[in-house]
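Encoded as structure tokens, the structure appears first; notes follow it.
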Amino acid sequence: MTVGLVLAIESSCDETAAAVVDEDLFVHSSVIATQIPVHMRYGGVVPELASRSHLTAIGSVIGEALKRADATLDDLNAVAVTAGPGLAGCLLVGLQTAKSLAWARDLPLVLVDHIEAHHRAIFLRDDRGAGESPPPGPYLALVASGGHTSLLRVEGPHQVTLVGQTLDDAAGEAFDKAAKMMGLPYPGGVHIDRISVDGDTGAVKLPRPMMGKGLDFSFSGLKTAVRYKVEAMDPSAIGDESAMADLAACTQEAIVDVLVAKSIEACTSQGVEDLVLAGGVACNSRLRARATEEAEARGLRVHLVPARYCTDNAAMVGGLGVMHLAAGRGLTGGARAAADIYVTRRPIQGSAP
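Written out as structure tokens, the structure is:
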């Protein structure tokens, strides 16, 4: 079928986003309304506040995405939306908006899996150089974010198998909660990345959870270890970036060690030569550098999703939506939010329901 222009909507957590993507996976616009100021005082996402913020922002975000793409609702051929996983109330805002638009304009509705959309972002194209070197064949994807840490074997457009996942906390959760304990601003992952440059990665001994124990992850024990280190420090050091630089660097190194080692192990065990890094944690400069260096030393090719498409965005939703439409996977009704679709089945066969 002819795909044309797709309006994409993302509202799974704390970013209200809309984008316009065409059938060639070219991003005509990508607009994101952040909720960081809303949640900063709490040091983490408050689901009810996130849902209300989506309700307030979603109309103007969609309007701005259409404006930047020089398009109107009449130019659209379909609507794509994140159906899960995510916070149920947040998902419902985006899903109901997408359903209403699709019904009112008589357009196909495409449900998109949030995690799969993250790694499919490697195929997006734009006028800033994205999409210049996508993986040529099967690849292994590490999708690491605040809510998810997964290793996926990707055979083709609709063949995805989960080969590893976190058994408790996600890598991004470990970054953010560790940063909160250190007294760093919210969201903490980016600040750990920043101050780690001045830290000594060997100054503090921290565990590398589940290393050598398969392809699954666990980060709850690392969070506890960081807590004990912080509690043993002088209280005046909390929030002092210079005092926390060593602990930040060691925390980052522990997380990166695990992510890189298991990603390379997954590539080797699955017989795959291409590794894709995606998700918000894939913005981390140390992870990008270490993964590239160590994977290439083993003859693997590393593909880094551009940072602008690593954190939650609607362009990635539109890209996967285009792939679904090309395979005839548009819906006309019966759509519902699925906050746990990535928890309830393993291995995954195919894409979003």
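The opening residue of the sequence shown carries number 173 in this note's numbering; numbering runs sequentially from there. Ideal Cβ placement from N, Cα and C applies to all residues, glycine included.
Paired residues, beta bridge with residue i - DSSP
i, result
"residue 475", "448"
"residue 194", "177"
"residue 187", "206"
"residue 337", "322"
"residue 182", "189"
"residue 254", "284"
"residue 332", "326"
"residue 248", "177"
"residue 201", "192"
"residue 389", "338"
"residue 297", "198"
Of the residues the options, the one placed nearest residue i, counting alpha carbons only
i, options, result
"residue 295", "281, 184, 386 and 199", "199"
"residue 247", "268, 491, 262 and 193", "193"
"residue 376", "412, 417 and 349", "417"
"residue 195", "397, 250, 451 and 302", "250"
"residue 483", "269, 320, 331 and 399", "320"
"residue 203", "232, 228 and 225", "232"
"residue 333", "310, 354 and 210", "310"
"residue 335", "359, 184, 439 and 211", "439"
"residue 397", "412, 275 and 380", "380"
"residue 172", "339, 371 and 276", "Residue numbering for the chain in the displayed model covers 173 to 525; residue 172 lies beyond these limits and cannot be assessed."
"residue 244", "443, 179, 445 and 473", "179"
"residue 355", "411, 402 and 361", "411"
"residue 289", "474, 433 and 255", "255"
"residue 477", "497, 447 and 490", "447"
"residue 272", "230, 291, 299 and 331", "230"
"residue 226", "212, 257 and 264", "264"
"residue 299", "253, 241 and 405", "241"
"residue 367", "378, 383 and 457", "457"
"residue 395", "221, 378, 407 and 222", "378"
"residue 328", "220, 312 and 431", "312"
Where the beta strand (DSSP E) through residue i begins and ends
i, result
"residue 325", "321-328"
"residue 313", "311-316"
Residue environment, residue i, which counts as buried when at least 16 other CB atoms sit within 10 Å
i, result
"residue 208", "exposed"
"residue 385", "exposed"
"residue 493", "buried"
"residue 435", "buried"
"residue 369", "exposed"
"residue 522", "With a pLDDT of 39 at residue 522, under the threshold of 50, the predicted position of this residue should be treated as unreliable, though the coordinate-derived value follows. Residue 522 comes out exposed."
"residue 414", "exposed"
"residue 450", "buried"
"residue 500", "exposed"
"residue 514", "With a pLDDT of 34 at residue 514, under the threshold of 50, the modelled position of that residue is not reliable, and the figure given next carries that caveat. Label assigned to residue 514: buried."
"residue 520", "Residue confidence for residue 520 is low, a pLDDT of 37 falling below 50, so the modelled location carries little weight and cannot support an answer."
"residue 325", "buried"
"residue 400", "exposed"
"residue 301", "exposed"
"residue 183", "buried"
"residue 174", "exposed"
"residue 276", "exposed"
"residue 181", "buried"
"residue 479", "exposed"
"residue 365", "buried"
"residue 495", "buried"
"residue 518", "Model confidence at residue 518 stands at a pLDDT of 36, short of 50, so the residue's coordinates are unreliable; what they give is reported in the following sentence. The residue in question, residue 518, is exposed, as its Cβ has fewer than 16 Cβ neighbours within 10 Å."
"residue 404", "exposed"
"residue 488", "buried"
"residue 498", "exposed"
"residue 307", "buried"
"residue 443", "exposed"
"residue 505", "Unreliable positioning characterises residue 505 in this predicted model, as indicated by a pLDDT of 49, which lies under 50. The coordinate reading is nonetheless provided below. Exposed: under 16 other Cβ atoms inside 10 Å."
Range covered by the alpha helix (DSSP H) that runs through residue i
i, result
"residue 400", "392-403"
"residue 465", "457-469"
"residue 422", "413-442"
"residue 262", "260-277"
"residue 492", "487-498"
"residue 232", "219-240"
"residue 365", "361-367"
"residue 353", "343-354"
CB contact below 8 Å: residue i versus chain C
i, result
"residue 470", "In the displayed structure, chain C is absent; only one protein chain is listed."
Cβ-heavy atom distance, residue i to the ligand GTP, below 7 Å
i, result
"residue 287", "What this structure holds is no ligand at all, so the ligand GTP is not there to describe."
Cβ contact (3+ pairs, closer than 8 Å) linking the stretch 276-285 and the stretch 449-465: no
Given 8 Å, three or more beta-carbon pairs between the stretch 416-433 and the stretch 340-354: yes
Stretch pair the stretch 210-230 + the stretch 466-485: three plus CB contacts closer than 8 Å: no
Contact the stretch 184-192 vs the stretch 222-237: 3+ CB pairs below 8 Å: Counting Cβ pairs under 8 Å, three or more are found: they touch.
Segment contact, 8 Å Cβ cut-off, at least three pairs: the stretch 307-322 with the stretch 334-347: yes
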